[in-house]
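Visitor: For reference, each letter of the sequence shown is one residue, going -18 to -1, 1 to 257 in mature numbering (1 follows the signal peptide of the UniProt record, and there is no 0).
Ideal Cβ positions, reconstructed from N, Cα and C, are used throughout, including at glycine.
If you're wondering where the values come from, they're calculated on a predicted model, not measured in any experiment.
Structure provided below as structure tokens; questions to follow.
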Amino acid sequence: MKKTVFILSFIFSTLIFAQNSESSTLFEKEYYDLMNYIPKNLNSDSIYKPDSRLLKTDFNTIGSLKGYNLLKDNFQFSDKDRKWLEERIDQIATELFNDGKRILISAVGGYSGCPDKMIDIIKLNNIDITNLKFCHSCTDSYRDENFIKVFNNKMYSLMEIQPPNIKTESFYGEFEGRDKDKFKMKLVLKDDRTFKFWLNKGHGSDFTEGLWKNKSDTLILNSRALNKTDSISFALSSARWIEFNVLEFRLKKEKLIELNNGKRKLKKTIKKNVG
């Protein structure tokens, strides 16, 4: 009986989800359209024969996969079916990427409730990415965890962006210090994974910017490539471009210490810097 009620609730919520798209706001329509978007080259899997009768249909949208992913525990899908679902999530992420869609999924809700706007744009490594949000209550967020993990890991890999880890957020912010000649250094690490570095020499300064990533508590900086316009701008200014190529620091107690016999040391002065 409980399973029947769950199915009816799921079907009802799916119908409401589809109906709302006709009378929704612009952001809601964008959300529904993306949840129901069928990638151009995502083929139906006609070879695999699932054990569960619930899987005997096409799964060709984020919305349909999300819905059936919620059922896997209630209906005790076999290990084979669970593996197939993960592979299908991986496939749809790949084909969405091939269609030019850069998407990362995040879970929202809980005690604070879900925001009115369930889709927005974030920037990582200078790439505009759609942040698609899955709403959940205080007790059911675990149901989407594996879906989000599989989908996001694949999308990060395709975008060639290192996924955040438990240490990533601790790097966000501004760091300051002085070099061996007592000139002031400043490093800004934004949560969009871009950085800017200045070394103020009084009558001039050294400057660079680019992308950062971290491996556990190790920070890695790589400067971006300069173009002709940049070269002219720096030639006319008092700033001198310097280049960081896999420059590494160790983060310890909110202090950055340069590795590989480097001399730079910086201390965090501002906790977070949002891109």
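Can you list, in chain order, the residues of its chain whose CB lies under 6 Å from that of Leu236, leaving out five sequence neighbours each side?
Guide: Looking at the sequence itself, residue 236 is Glu, so the reference to Leu does not match. Lys250.
Visitor: When the Cα atoms are used, what is the spatial distance from Cys117 to Asn56?
Guide: 19 Å
Visitor: Report buried or exposed for Arg232, applying the criterion of at least 16 other Cβ atoms within 10 angstroms of its Cβ.
Guide: exposed
Visitor: How big is the Cα-Cα spacing for Pro145 and Leu171?
Guide: 16 Å
Visitor: Quick check on the burial criterion: 16 or more other C-beta atoms within 10 angstroms. Buried or exposed for Gln58?
Guide: exposed
Visitor: Under 8 Å by Cβ, that's how I've got Ile111 and Ile74 pegged, so tell me the actual separation to the nearest angstrom.
Guide: No, Ile111 and Ile74 are not in contact; Cβ-Cβ is about 16 Å, not under 8 Å.
Visitor: Across the region 101 to 108 and the region 165 to 180, are there enough close Cβ pairs to call them in contact, namely three or more that are closer than 8 Å?
Guide: yes
Visitor: From the DSSP output, which residues share a beta bridge with Val90?
Guide: Note: Val90 sits in a beta bridge opposite Cys117.
Visitor: Which residue from Trp180, Val132, Lys195, Leu140 puts its Cα closest to that of Phe153?
Guide: Lys195
Visitor: Tell me the DSSP bridge mates of Trp223?
Guide: DSSP, once it has assigned bridges, lists Phe189 as partnering Trp223.
Visitor: What residue range does the beta strand (DSSP E) around Lys105 cover?
Guide: 101 to 106
Visitor: Which residues does DSSP pair with Asp163 in a beta bridge?
Guide: In DSSP, Asp163 forms no bridge with anything.
Visitor: Out of Ser139, Phe189, Thr121, Ala221, which has the shortest C-alpha to C-alpha gap to Ser94?
Guide: Thr121
Visitor: Hey, quick one: how far does the beta strand (DSSP E) through Ile202 stretch, first residue to last?
Guide: 200 to 205
Visitor: So what does DSSP say about Ser5, is it helix, strand or coil?
Guide: The pLDDT assigned to Ser5 is 48, lower than 50, so where the model puts this residue is not dependable, and the model offers no usable value.
Visitor: Sort Tyr138, Asp98, Gly155 by Cα distance to Glu10 and report the nearest one.
Guide: Comparing Cα positions, the closest option is Asp98.
Visitor: With distance defined between alpha-carbon atoms, name the residue in Gly49, Ala207, Thr76, Phe165 nearest to Ile22.
Guide: Here residue 22 is Lys; the residue named in the question, Ile, does not match the sequence. Of the candidates Gly49, Ala207, Thr76, Phe165, the one whose C-alpha sits nearest the C-alpha of Lys22 is Thr76.
Visitor: Would you call the CB atoms of Ile20 and Asn51 closer than 7 Å?
Guide: no
Visitor: Buried or exposed: where does Gly155 fall if 16 or more other Cβ atoms within 10 Å of its Cβ makes it buried?
Guide: buried
Visitor: For Phe226, which option in Lys253, Lys197, Trp180, Gly184 has the closest C-alpha, if you only look at C-alpha atoms?
Guide: Trp180
Visitor: With distances taken from CA atoms, which of Leu229, Ile71, Asp212, Leu208 is nearest Asn134?
Guide: Ile71
Visitor: Drop a sphere of 10 angstroms on the beta-carbon of Ile130, count the other beta-carbons inside from all chains shown, and report buried for 16 or more, exposed for fewer.
Guide: buried
Visitor: Would you call Thr190 buried or exposed, if buried means 16 or more other Cβ atoms sit within 10 Å of its Cβ?
Guide: Per the 10 Å Cβ criterion, buried.
Visitor: Strictly by DSSP, which residues pair up with Arg232?
Guide: Thr200, Ile239
Visitor: Do Leu238 and Leu229 have their CB atoms nearer than 7 Å?
Guide: no
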